[in-house]
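Asks:
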Ligand SMILES: [Zn+2]
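Residue numbers (the numbering used here): 1 to 434.
(1) What do you reckon, is the C-beta of residue 205 under 7 Å from a heavy atom of ligand 1?
(2) Does the distance from the CB of residue 62 to the CB of residue 92 come in under 8 Å?
(3) Determine the DSSP secondary structure at residue 205, reduced to helix, strand or coil.
(4) Which residues in the same chain have their Cβ closer than 8 Å to the Cβ of residue 396, if we skip the five residues on either side of it in sequence?
(5) Tell me whether the segment 100-119 and the segment 69-87 touch, counting them as touching only if at least three CB pairs, one residue from each stretch, are closer than 8 Å.
(6) Whole-angstrom Cβ separation of residue 198 and residue 244, contact assumed at under 8 Å?
(7) Look at the Cβ atom of residue 285, then the Cβ atom of residue 176, and state whether they are nearer than 8 Å.
(8) Could you spell out where the alpha helix (DSSP H) holding residue 134 opens and where it closes?
(9) Between residue 409 and residue 373, how many whole angstroms is the CB-CB distance? I'm expecting something under 8 Å.
(10) Taking its Cβ as the centre, do 16 or more other Cβ atoms sit within 10 Å of residue 250, making it buried, or is it exposed?
(11) With 16 other CB atoms within 10 Å as the buried threshold, where does residue 85 fall?
(12) Could you compute how far the alpha carbon of residue 190 sits from the alpha carbon of residue 225?
(13) What's the C-alpha gap between residue 139 and residue 382?
(14) Please look up how many angstroms separate the CB atoms of residue 68 and residue 79, rounded, as I've assumed it's under 8 Å.
(15) My output table needs one value for residue 363: the three-state DSSP class, helix, strand or coil.
(16) Using the Cβ count rule (16 or more neighbours within 10 Å means buried), how would you classify residue 254?
(17) Just verifying my parser: in three-state terms, what is the DSSP assignment at residue 105?
(18) When you compare each of 406, 351, 334 to residue 366 by their alpha carbons, which one comes out closest?
(19) Is it true that the CB of residue 233 sits closer than 8 Å to the CB of residue 184?
(20) Is residue 167 near ligand 1, with its Cβ less than 7 Å from a heavy atom?
(21) Alpha carbons only, please: which of 129, 76, 265, 260 is nearest the one belonging to residue 43?
(22) Take residue 288 as the anchor and find which of 267, 279, 156 has the nearest alpha-carbon.
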């Protein structure tokens, strides 16, 4: 045999051996999933001695996969408990990065991980909790194009997202793919929990055939949230996911659990047993297409990022640099911070006064404002509205310009582009961003 033929023959043998090796590895991995090792038994003994779990339940957990969509306030606690409980595979979906304002509630992300992708930060922390668990990261925004491919790989789906668009996409895909969906939400002091599409139960659309108007749906960024509320709901999501995997008889389906953290009160509302007539969940899988324009349907975006409004003419607006110049030149100036009182208390510019947007044109504040101008200013001042990001301040200018008595007392009425966030970025980096 010449050298070339020998090389070809050896190469073919290597390919065959590699194939055999990968098949054997896969078989071994599958076998491992079905059997508990002695370290598994030591580690999970406290839950395995419960008759509802037992060795069978623990094997089911080990062989199962859970997808967590959103590695934020809900996804952090739920993923920690599921990883620690011995779920074999955890998928994490998130496109966002860790920010300092996440840390009070998203306990999976360490302070040092600010600026890191949430899926990476999450995977690192979860591996510290249990290195045996396989963590798969999906560094994408879930949308109508990728949802089927991602959701299809998992047994149980957790909706830990922060917006309505994603909720509808997750629901429709879970219905199409026949996946149980554990849905959680948290805002301010309130949380909600439900299991949809489980053993023929109702789906999210049965309850919400039409989305709530976007202006009535708050988010944690603008409405705020107290840390333990998503903690409570996220832990309960993990609990329901475990119950689904071990086939516990009392999974929370056809029910909605409402948590009022302010009153420390749980209410459970029965949703009835029937699916809503004509709902997507009454159709066969192949007839369900995930191809609608979900953002148009909801009238909002698939993330909690704030939309920048453009309500005023350029001539009605000034930059933070122009504001700084007016202050340093001692130009007659009245700066009204139109944020909520408690936000003003958190931080404000020393030369600003606080009148909340909704109070601007009330008789009380209007007369106070005119009185202030009459007593404190020799020349008609420039009136400048400022807020957190430069959206409400534009609305404030529109409101203030309706006040004809005020108009005759001021030189001009303008707002500050980008608000206090821009001030913090360009003028005073010590000014807090929130
Ligand atoms: Zn339905």
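Just so it is clear, CB atoms sit at the ideal spot from N, CA and C, and this is done for glycine as well.
Note that the structure is predicted; figures quoted are calculated from it, not measured.
Replies: To lay it out plainly:
(1) At least one heavy atom of ligand 1 is nearer than 7 Å to the Cβ of residue 205, so yes.
(2) Result no, Cβ atoms of residue 62 and residue 92 do not sit closer than 8 Å.
(3) In the three-state reduction of the DSSP assignment, residue 205 falls in the helix class, which pools H, G and I.
(4) Excluding residues within five positions, the ones whose Cβ falls inside 8 Å are 336, 338, 357, 360, 385, 387, 415.
(5) Counting Cβ pairs under 8 Å, three or more are found: they touch.
(6) Distance from residue 198 to residue 244 at the Cβ level is roughly 7 Å; contact confirmed, criterion being Cβ atoms closer than 8 Å.
(7) Cβ atoms of residue 285 and residue 176: closer than 8 Å.
(8) Unbroken run through residue 134 is the beta strand (DSSP E), 134-138; no alpha helix (DSSP H).
(9) Right, their Cβ atoms sit about 5 Å apart.
(10) So residue 250 counts as exposed.
(11) The residue in question, residue 85, is buried, as its Cβ has 16 or more Cβ neighbours within 10 Å.
(12) One C-alpha to the other measures close to 8 Å.
(13) Taking the straight line from one Cα to the other gives about 48 Å.
(14) Correct: roughly 5 Å between the Cβ atoms.
(15) Here residue 363 sits in helix by DSSP.
(16) Per the 10 Å Cβ criterion, buried.
(17) Residue state, collapsed to three classes: coil.
(18) For the set 406, 351, 334, the Cα lying nearest the Cα of residue 366 is the one of 406.
(19) Cβ atoms of residue 184 and residue 233: closer than 8 Å.
(20) Residue 167 Cβ: outside cutoff for every heavy atom of ligand 1.
(21) Taking only the C-alpha atoms, the option nearest residue 43 is 129.
(22) Measuring from the Cα of residue 288, the nearest candidate turns out to be 279.
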